[in-house]
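>
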Amino acid sequence: MGKQMTDPLSKLPLFATDREIAIAVVGKERASMYVKAAIPILERHGFPKIDPLHDGRPVLLVRRFYNGYLGITAGFQVARPDGEDKLGEWKGRRQRRNERKPQLGLNTRCLGALRYMVEHPDVRTSAEIPGATDFTLQELAAKGAVKEGRKDAQGDRTWTVTDAGQEEMARVNDWHGGKRRL
16 MGKQMTDPLS KLPLFATDRE IAIAVVGKER ASMYVKAAIP ILERHGFPKI DPLHDGRPVL
76 LVRRFYNGYL GITAGFQVAR PDGEDKLGEW KGRRQRRNER KPQLGLNTRC LGALRYMVEH
136 PDVRTSAEIP GATDFTLQEL AAKGAVKEGR KDAQGDRTWT VTDAGQEEMA RVNDWHGGKR
196 RL
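Here it is in structure tokens:
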């Protein structure tokens, strides 16, 4: 039977000093370089911070960090200590979530007017939108969701939904799972 490789982190206490972790990760000869140069870089990529109560880093979280760094555990972001971030290759879960989130910060009244306009593309004036006024549509225009057009035959201002307004409504529907929050 072959000799089994032991995990050097398993020999450390539950909370270890930077020097102890460095020796376990890169060995005694390169430990001081690791403490001075590598740890500050790794911290920016999620390396566990020193726990002030225990005066050391939690070794279980250090192991979890390195499992992700080495690609062993799916779902962890891989840190790039050389400073090279390839954002096109990966995106954090929070960033993907924020891209889905509504961006324009519309209040309920504006959201209702925008929804009505998207669902009824033939509607052009505030008089045709339940609960909306020109002020509501001016707010939507300020956010880029609609744009003002020419006046109609009755002298009312006309408005059309912009691409940004369509995209915002799609984000709102996606964010709330198609459920209306009005």
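For the sequence shown, the working numbering begins at 16 and goes up steadily by one. Backbone N, C-alpha and C define an ideal beta-carbon position, used for all residues, glycine too.
Given a threshold of 16 other Cβ atoms within 10 Å of its Cβ, counted over all protein chains shown, does Ser25 qualify as buried or as exposed?
So Ser25 ends up on the exposed side.
> Please state if the CB of Ala179 and the CB of Ala160 are separated by a distance shorter than 7 angstroms.
Taking 7 angstroms as the Cβ cut-off, Ala160 and Ala179 qualify as a contacting pair.
> Are the beta-carbon atoms belonging to Ser141 and Leu152 less than 7 angstroms from one another?
Contact flag set, yes.
> Do you know how far the Cα of Ile54 is from the Cα of Phe91?
Any reading at Phe91 needs caution, since the residue's pLDDT is 45, under 50, leaving its predicted position unreliable; the model's value is listed next. C-alpha separation (whole angstroms): 18 angstroms.
> State the Cα-Cα distance for the pair Ala156 and Lys116, rounded to the nearest angstrom.
Their Cα atoms are separated by approximately 20 angstroms.
> Going by C-alpha to C-alpha distance, which of Thr173, Ile65, Val41 and Arg34 sits closest to Asp137?
Per the Cα distances, Thr173.
> Going by DSSP, which residues form a beta bridge with Val50?
Val50 is not bridged to any residue.
> Grab me the residues of Glu154's own chain with a C-beta within less than 7 angstroms of its C-beta, minus the 5 sequence neighbours each way, in chain order.
Excluding residues within five positions, the ones whose Cβ falls inside 7 angstroms are Cys125.
> Specify, as a first and last residue, the run of the alpha helix (DSSP H) that Gly164 falls within.
Gly164 -> not in any alpha helix (DSSP H); beta strand (DSSP E) instead, spanning Val161 to Lys166.
> In its own chain, which residues sit with a C-beta less than 7 angstroms from the C-beta of Arg144, not counting the 5 before and 5 after it?
In the sequence as presented, Arg is not what sits at residue 144; that position holds Ile. So the qualifying residues of the chain are Ala128, Tyr131, Met132 and Val138.
> Use the C-beta contact count for Ile87: other C-beta atoms within 10 angstroms, 16 or more gives buried, fewer gives exposed.
Under this definition Ile87 is an exposed residue.
> DSSP has Arg34 in a bridge; who is on the other side?
Partner(s): none; Arg34 has no beta bridge.
> Nearest to Ile36 by alpha carbon, out of Gly170, Ile56 and Arg78?
Per the Cα distances, Arg78.
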